[in-house]
Structures are given as structure tokens and as C-alpha cells.
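First the structure, in the form of C-alpha cells, and then the observations on it.
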Amino acid sequence: MIASVQLPANRVPDHRAAPRRPVRLRNGEPPPLTIIIPVYGDLAATRACIDSALNALACTPGSTIVVVDDASPEPDIKRLLNDLAAEFRIRLLTNEHNLGFVGAVNRALGETGAGDVVLLNSDTIVPKYALQRLRSAVQSTPRVGTATPLSNNGEYTSFPIPNRSNPLPPPGEIELLDELAGRANSGIAIDIPNGIGFCLYITRECLDAVRELSDDFYRGYLEDVDFCLRAAEAGFRNVCIPSVFVGHEGSRSFLGEKRSLVMRNLRVLEHRYRRYATDCAAFLLADPLRDCRAVLELKLLTNQQVAAGPTVILCGSSAGRAIAVRRCRQLAAEGQHGLVVQIRSEGQRQLAAMFDPDGGAPQSIALDVATPEGREALLRFLADLGIRSLEIAEPNRIPGACLAQLTQHFAYDLLITDTALAMRTAFGSGVHPDWTSLVAGARRVTAIGDDGTEFTEAVLGLQVVRLSDPSAPPTLYPAVSGPARLGLLVLHANAAEFRFIRALSDQLADADEDVEIIVLGSTLDDLKLMQRTNVIVTGDIAVDDVATLIEGHGITKLVLDIGEPAFGHPLVDALLATGLPIAATEWSPTPPGRGRSTDLKLQAGFDTDATIAAVSDWAVEDVLLQPDRRSGRHRRQVGARLP
Numbered sequence: 002m003i004a005s006v007q008l009p010a011n012r013v014p015d016h017r018a019a020p021r022r023p024v025r026l027r028n029g030e031p032p033p034l035t036i037i038i039p040v041y042g043d044l045a046a047t048r049a050c051i052d053s054a055l056n057a058l059a060c061t062p063g064s065t066i067v068v069v070d071d072a073s074p075e076p077d078i079k080r081l082l083n084d085l086a087a088e089f090r091i092r093l094l095t096n097e098h099n100l101g102f103v104g105a106v107n108r109a110l111g112e113t114g115a116g117d118v119v120l121l122n123s124d125t126i127v128p129k130y131a132l133q134r135l136r137s138a139v140q141s142t143p144r145v146g147t148a149t150p151l152s153n154n155g156e157y158t159s160f161p162i163p164n165r166s167n168p169l170p171p172p173g174e175i176e177l178l179d180e181l182a183g184r185a186n187s188g189i190a191i192d193i194p195n196g197i198g199f200c201l202y203i204t205r206e207c208l209d210a211v212r213e214l215s216d217d218f219y220r221g222y223l224e225d226v227d228f229c230l231r232a233a234e235a236g237f238r239n240v241c242i243p244s245v246f247v248g249h250e251g252s253r254s255f256l257g258e259k260r261s262l263v264m265r266n267l268r269v270l271e272h273r274y275r276r277y278a279t280d281c282a283a284f285l286l287a288d289p290l291r292d293c294r295a296v297l298e299l300k301l302l303t304n305q306q307v308a309a310g311p312t313v314i315l316c317g318s319s320a321g322r323a324i325a326v327r328r329c330r331q332l333a334a335e336g337q338h339g340l341v342v343q344i345r346s347e348g349q350r351q352l353a354a355m356f357d358p359d360g361g362a363p364q365s366i367a368l369d370v371a372t373p374e375g376r377e378a379l380l381r382f383l384a385d386l387g388i389r390s391l392e393i394a395e396p397n398r399i400p401g402a403c404l405a406q407l408t409q410h411f412a413y414d415l416l417i418t419d420t421a422l423a424m425r426t427a428f429g430s431g432v433h434p435d436w437t438s439l440v441a442g443a444r445r446v447t448a449i450g451d452d453g454t455e456f457t458e459a460v461l462g463l464q465v466v467r468l469s470d471p472s473a474p475p476t477l478y479p480a481v482s483g484p485a486r487l488g489l490l491v492l493h494a495n496a497a498e499f500r501f502i503r504a505l506s507d508q509l510a511d512a513d514e515d516v517e518i519i520v521l522g523s524t525l526d527d528l529k530l531m532q533r534t535n536v537i538v539t540g541d542i543a544v545d546d547v548a549t550l551i552e553g554h555g556i557t558k559l560v561l562d563i564g565e566p567a568f569g570h571p572l573v574d575a576l577l578a579t580g581l582p583i584a585a586t587e588w589s590p591t592p593p594g595r596g597r598s599t600d601l602k603l604q605a606g607f608d609t610d611a612t613i614a615a616v617s618d619w620a621v622e623d624v625l626l627q628p629d630r631r632s633g634r635h636r637r638q639v640g641a642r643l644p
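Residue numbers (the numbering used here): 2 to 644.
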């Protein structure tokens with residue numbers, strides 16, 4: 002069972018009563034189909050594209066390839082096209098001067114007779130039966146103006162990650178994806194705001210009504226969007242046919258010029274179509290192609306034959322997801338493959354969303370494990386994958402019934418991150434029976450880095466396997482003095498973090514201290530916090546952003562957790578590597594020699610008011626920091642309270 006969010010997308014006409022296009026002409030032959038390929042540069046891509054189109058042509062009766070040589074400067078391309086034309090394999094149109102994509106296409110359209118057309122970029126790879134099935138799907142769908150297949154690089158229609166340029170698969174995998182898409186999504190057409198020009202099927206009725214591409218779009222970006230929006234205004238549908246997959250390299254034509262061209266042409270588009278941006282936003286939010294991608298992913302994953310299946314890391318929060326991704330990176334360094342399954346709530350549903358951190362499939366599969374059917378589907382999916390092992394990162398965030406079934410069917414490791422089941426034991430609240438049974442059933446208990454390992458051994462009293470990866474070298478910042486600028490890391494976007502930041506802001510403001518809080522991450526209400534004069538919120542950040550944020554905001558001290566640990570989180574380790582003074586909860590006794598006089602150690606389970614008072618007092622200490630030559634860390638030189 003595949004679950005997705007169904008929200009209203011762009012408005013489309015009601016086509017239920019619309020007549021279907023005739024599948025055959027009077028003589029029984031299918032309508033003619035012309036494939037138009039404008040060519041300028043890149044011999045290898047052009048040859049691969051035309052070869053694939055010729056193979057597809059053999060399986061698509063009544064079709065013709067028209068190639069437009071748009072004054073190509075490459076002699077080898079001219080030689081290739083002339084040879085193909087001499088063998089009557091293509092019809093060749095040659096421009097004396099470069100007309101650009103729009104001019105080249107419009108010339109071909111003007112010299113094309115009856116029948117539908119396909120605009121095909123010269124950096125695409127067309128599977129053998131793709132054009133045949135694309136034409137059949139269009140003919141069986143009412144009022145289609147344009148149709149776009151799935152692709153690795155097709156904006157809305159991209160697979161496996163939508164709206165991203167995914168890597169071009171090798172030719173054999175493109176053929177397989179097209180074959181599996183045909184099985185997974187037969188008979189489906191999904192309305193989209195506009196078609197995408199890498200492979201744009203246009204019906205003759207639409208061409209007769211809309212005519213040619215607009216020449217208002219300089220050098221060929223977004224003219225396909227304009228054509229599709231004019232088609233929609235004329236009453237035609239722009240659809241994705243998810244039963245067809247076409248490979249697309251992308252961005253070969255203009256390379257570094259693309260951004261400036263897109264921005265220039267986007268201004269023209271937005272001026273002409275005022276609702277376009279709103280319709281696109283609604284489509285992206287609803288993501289009506291998600292189910293189609295998910296079913297294709299299931300077909301693809303069950304079709305793969307691998308010697309050893311992946312390790313699956315199970316988590317239940319955004320912070321846990323970041324730790325799980327880091328764990329996958331460790332597995333990759335060991336020559337293994339990791340997948341993440343994150344449990345998230347959507348209303349009454351508990352969705353097990355699966356994704357490959359490397360960008361491969363799966364990305365869209367989401368099973369509702371609040372239902373028995375969804376739990377059974379998850380078990381079957383993991384069994385079919387032949388998973389190597391299961392690592393449970395946040396058992397307290399996993400629905401009990403789902404966790405019980407998974408631990409019964411698969412051998413598992415327990416990965417210590419921030420589990421509340423463990424915290425009950427740490428704070429003397431009694432040993433939770435679920436925690437006891439989880440530990441007893443685990444093959445091993447693991448943790449990433451020193452903090453999680455020390456907590457597990459010293460507080461929980463468990464033997465732990467430390468999972469390590471290369472730590473970031475310390476980054477030493479210039480000596481500073483004066484009022485602090487607190488970098489406060491938020492990882493959970495929960496009410497406790499929001500209240501803490503608000504109370505700390507009030508405390509510093511009431512004390513008339515010139516201290517600014519830079520919230521590193523997203524909270525429950527960023528805009529509300531940003532209304533405070535002493536708070537800045539950066540929004541979501543990545544490890545690569547750390548140095549830029551510290552230098553850009555002049556951060557002098559860091560607060561790393563607010564009442565909840567995140568052992569092994571990559572942002573925590575990246576901030577520790579800065580060497581700046583740290584205020585953090587002491588979840589386990591600090592080993593001798595690891596404490597620093599510039600740091601503030603907060604006690605686990607501290608009263609919130611007492612914690613805020615301690616952080617506030619620590620924040621206003623005027624500390625001049627200089628690097629310690631032996632440790633590379635900073636040490637306190639002066640520690641006087643500001644007047």
C-alpha cells in the first residue's frame with residue numbers, strides 16, 4: 002500500500018465527457034509521428050541520441066525523424082548527419098545561420114505535414130519502445146495537448162528524486178526503467194502545469210491551435226513552458242505519461258550560461274502568466290506523481306539481483322534521519338550500502354518513508370505502518386530486498402506494533418542516539434520493559450563517536466561497539482573579546498526548543514545584556530522568534546554551512562543541546578570541531594582531561610529556569626580565547642563579567 006498526500010494542484014478542465022482521439026486513421030494505419038531533433042554541438046551525445054531514436058523508430062510505425070543542423074561548427078557532426086540523410090534514415094534540414102532552439106524547431110514544424118510531433122533534445126536517450134507507448138498513451142487520453150515521459154532529468158517528471166537533475170543511467174538501465182515503468186503505470190496520465198521540452202509530445206490538434214514556439218525566449222529556455230501554457234489556455238491538457246521513461250543528460254547546450262538565460266526568460270514568463278508560479282507551488286506541494294514514482298521504485302528494487310542486500314537504519318525524527326544518513330556514509334566507506342526508513346506522522350497515519358542517501362531508489366515509497374496492511378507491506382518490502390541487517394536508531398519514536406514485528410522478523414542492532422527509553426534508565430525512572438527486551442534481543446548495541454559510547458557504557462551500563470568515521474580537523478577562529486554572540490543549535494523543532502529560546506531571549510533582554518542569539522536551524526515558528534531584537538534564525542543548515550555561519554555572524558560561543566541528546570549527529574560534531582566555547586548537557590561523567598574551563602557543563606534533568614540562568618550568566622562572561630598549543634582547543638585567558 003502506497004500512501005501520498007492528495008492536495009489540490011493546478012486547475013484543469015473537466016475531461017470526463019471529452020471525446021477520445023481516434024487511435025487509427027481510416028486506412029487502419031496509426032497517425033503519422035514526426036520526431037524533431039535540433040542539433041548544434043556535442044558529437045557523442047548527438048550520435049547516441051539519434052541512434053536511440055532510430056531504434057525506437059523501427060518499433061513505431063508511421064514515424065519519421067527530422068534533424069535540424071542549426072549551423073553546427075563541428076565537422077564531425079555535419080559528416081554524421083549527411084551520411085544518415087544520404088542513407089534516407091533521417092530527413093535533414095540545414096540552417097545557414099544559427100537560429101537557436103526556437104528557430105530550429107519552428108523551421109521543422111513549418112515543414113512538417115499532418116500528424117503529431119515529438120520535440121527531442123539531442124542529449125536524450127530514447128528506449129526502444131518508448132515512442133510507441135507514448136503515442137498509444139496519448140491517443141487513449143482525452144484532450145491531450147502535450148505529454149512528457151518520466152526521466153532522470155525532467156523537472157516535475159524527474160525520477161527518482163523529482164525536480165532534480167539525477168545522473169543519467171547507462172543505456173541498459175534506461176531500457177529497464179522504461180520497461181518497468183510500462184508495467185508499473187500503464188494507463189495513467191497525470192496533469193502537470195506544463196510539459197518539459199527534453200521530450201515533448203505535441204498532438205496535431207494542439208499544434209493547429211497554438212502554432213509555433215514563441216521567439217520571445219532568448220536562446221531556448223522556457224519556450225516549452227510558454228507553449229504549454231498557451232495550450233492550456235486553448236483548452237488542452239499538459240500531462241505526464243509515467244509509463245514511459247526517457248534518459249536526458251541535460252544542460253549540454255548552454256552549460257554555464259543556463260542560469261542567466263533561465264532568469265531572463267523567467268521574467269518574461271511570469272509577466273505573461275500571473276498564476277503560473279502559484280500553480281507550480283500547488284503542484285509541488287501535492288506531488289501527484291509520487292505514487293507513480295513509488296510503484297516504479299518497487300518494481301525496480303524487486304527486479305535488482307544483488308549479492309548482499311542493504312543495511313536499513315530505522316529512525317523517527319529529522320535529527321535521527323541526519324544520524325542515519327551519517328551511518329550510511331560509514332557503511333559506504335566499508336563497501337556496504339545503507340537505506341534509511343524514517344517514521345513520520347501525517348494525521349492519523351504513521352508513514353514509513355524510505356530513501357537512499359546516495360540519491361538512488363527508493364525516494365518516494367511511503368507505507369502506512371499504523372495499519373496491519375502497511376506493516377505487512379513493509380515486512381515484505383524489506384524481505385524482498387534481502388536486507389543485510391536492521392539498525393534501530395530511535396525505538397521510542399517507532400509505533401509499538403511496527404517495532405515488534407520488525408524485531409521479530411529481522412536480526413537487529415540498537416544504535417544509541419537520543420532514545421527516551423534509555424533516558425528513563427539514566428534518570429532513575431525505572432527500567433522500561435520495552436527497553437530491556439530491545440537490548441536483550443539486539444545482536445549488539447552501537448554508538449557513533451565518543452559521547453554516545455561513554456553515555457551507553459557509563460550511564461546505561463551496556464557494552465557498546467563504537468562506530469567511528471574520520472573526525473573533522475579543528476578550525477581555530479581569531480581571538481575575540483566583548484559581548485557573546487551565541488550560536489544555538491536546534492535539531493528537533495519542538496515546543497521545548499522554542500520555549501527555551503524565547504525564555505533565554507527574555508532573560509538576556511531583561512538583564513540589558515548586549516548578547517545576540519543566532520539560532521542554527523529551524524524552529525516551530527521562525528518568524529515569531531525573528532521579531533525579537535536579539536534573535537536571528539538561520540533556517541535549516543548543513544555541515545558545509547558551519548564555517549560560513551560562524552564567520553558571517555561572528556559567533557563566539559555555542560549552545561549545543563536543549564535537554565535532549567543527539568549522539569552522532571554530524572552538526573554536533575562539526576560545531577565541536579570549531580573549538581569555540583561550548584554550553585552542553587553533561588549526559589555522562591566527563592573523563593579526566595576532557596573538560597575545558599571555557600565550557601559550561603549543564604546537568605541532565607536540570608530545571609529549565611536554572612538552565613536558562615546558567616546559560617545567560619555564561620553568555621555574558623567576557624572571555625578572551627586563544628588556542629592551546631598542545632590540544633588545539635581554546636583556553637580561558639580572562640574571565641570577568643561584563644559591567
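Glycine residues also receive a C-beta, built at the ideal position from the N, C-alpha and C atoms.
In this text, all values refer to a predicted model and were calculated from it rather than measured experimentally.
Next item on the list: Can you say whether residue 333 is buried or exposed, counting buried as having 16 or more other CB atoms within 10 angstroms of its CB?
Entry: exposed
Next item on the list: Note down the Cα distance separating residue 187 from residue 393, rounded to an integer number of angstroms.
Entry: 37 angstroms
Next item on the list: Count the other CB atoms, across all protein chains shown, that sit within 10 Å of the CB of residue 26; report buried if there are 16 or more and exposed otherwise.
Entry: Confidence in residue 26 is poor, its pLDDT being 47 and thus under 50, which makes the residue's placement too unreliable to answer from.
Check: DSSP on residue 165, reduced to helix/strand/coil?
Finding: coil
Next item on the list: Taking only the alpha-carbon atoms, compute the straight-line gap between residue 225 and residue 551 and give it to the nearest angstrom.
Entry: 43 angstroms
Next item on the list: Give the straight-line distance between the Cα atoms of residue 84 and residue 55, rounded to the nearest whole angstrom.
Entry: 14 angstroms
Check: What residues in its chain sit with their C-beta under 6 angstroms from that of residue 1, if we drop five residues either side in the sequence?
Finding: This structure leaves residue 1 out entirely; the chain is present only between 2 and 644.
Check: Looking at the unbroken alpha helix (DSSP H) that takes in residue 278, where does it start and where does it end?
Finding: 277-287
Next item on the list: Would you kindly check if the distance between the Cβ of residue 247 and the Cβ of residue 192 is under 7 angstroms?
Entry: no
Note to self: Please classify residue 24 as buried or exposed, where buried requires at least 16 other C-beta atoms within 10 Å of its C-beta.
What the structure shows: Because residue 24 carries a pLDDT of 45, less than 50, the predicted location of this residue cannot be relied on, and no value is offered for it.
Check: Got a sec, what are the start and stop residues for the alpha helix (DSSP H) residue 183 sits in?
Finding: 172-185
Note to self: For a quick check, are the C-beta atoms of residue 57 and residue 98 less than 7 angstroms apart?
What the structure shows: no
Checklist line | C-beta contact flag for residue 328 and residue 314 at 7 angstroms | finding: yes
Checklist line | Residues sharing a beta bridge with residue 332, DSSP | finding: Beta-bridge pairing links residue 332 to no other residue.
Check: With respect to the beta strand (DSSP E) encompassing residue 450, which residues constitute its N-terminal and C-terminal limits?
Finding: From DSSP, residue 450 is part of no beta strand (DSSP E) but of the alpha helix (DSSP H) over 450-455.
Item checked: Own chain partners of residue 34 with C-beta closer than 8 angstroms, once the 5 adjacent residues on each side are dropped -> 61, 63, 64, 65, 116, 117, 118, 119, 132 and 136
Next item on the list: Return the first residue and the last residue of the alpha helix (DSSP H) that residue 234 is part of.
Entry: 224-234
Next item on the list: Sort 49, 413, 250 and 210 by Cα distance to residue 231 and report the nearest one.
Entry: 210
Next item on the list: Pull up the distance between the alpha-carbon of residue 40 and that of residue 354, whole angstroms please.
Entry: 42 angstroms
Check: How many angstroms separate the CA atom of residue 605 from the CA atom of residue 562?
Finding: 11 angstroms
Note to self: Looking at residue 560: is its Cβ nearer than 7 angstroms to the Cβ of residue 522?
What the structure shows: no
Next item on the list: Take residue 330 and list the residues in its own chain whose beta-carbon comes closer than 6 angstroms to its own, dropping the five residues that flank it on each side.
Entry: none
Next item on the list: Spatial neighbours of residue 156 within its chain, please: CB distance less than 7 angstroms, with the 5 preceding and 5 following residues excluded, ordered by chain position.
Entry: 164 and 197
Next item on the list: May I ask you to report which of helix, strand or coil DSSP gives residue 535?
Entry: coil
Checklist line | Buried/exposed call for residue 300, threshold 16 Cβ in 10 Å | finding: buried
Item checked: residue 274 versus residue 222 - alpha carbon distance -> 16 angstroms
Note to self: Assuming contact is defined by CB atoms lying nearer than 7 angstroms, are residue 362 and residue 161 in contact in what I supplied?
What the structure shows: yes
Next item on the list: Quick one: measure Cβ to Cβ for residue 449 and residue 324, integer angstroms, because I've assumed they're closer than 8 angstroms.
Entry: 7 angstroms
Check: Taking the Cβ atom as the reference point for each residue, do residue 370 and residue 379 lie within a distance shorter than 7 angstroms?
Finding: yes
Item checked: Contacts around residue 53, its chain only, beta-carbon distance under 7 angstroms, and the 5 residues preceding and following it disregarded -> 126 and 127
Next item on the list: Determine the burial state of residue 250: buried for a count of at least 16 other Cβ atoms within 10 Å of its Cβ, exposed for fewer.
Entry: buried
Next item on the list: Could you have a look at residue 272 and say whether DSSP puts it in helix, strand or coil?
Entry: helix
Next item on the list: Determine the closest residue to residue 617 out of 377, 134 and 518, with distance taken between C-alpha atoms.
Entry: 518
Margin query: Per the DSSP calculation, residue 350 is bridged to which residue(s)?
Written below: 347
Checklist line | beta strand (DSSP E) runs wholly inside the stretch 73-99, at least 3 long, in chain order | finding: 92-95
Checklist line | Distance, residue 504 Cα to residue 267 Cα | finding: 44 angstroms
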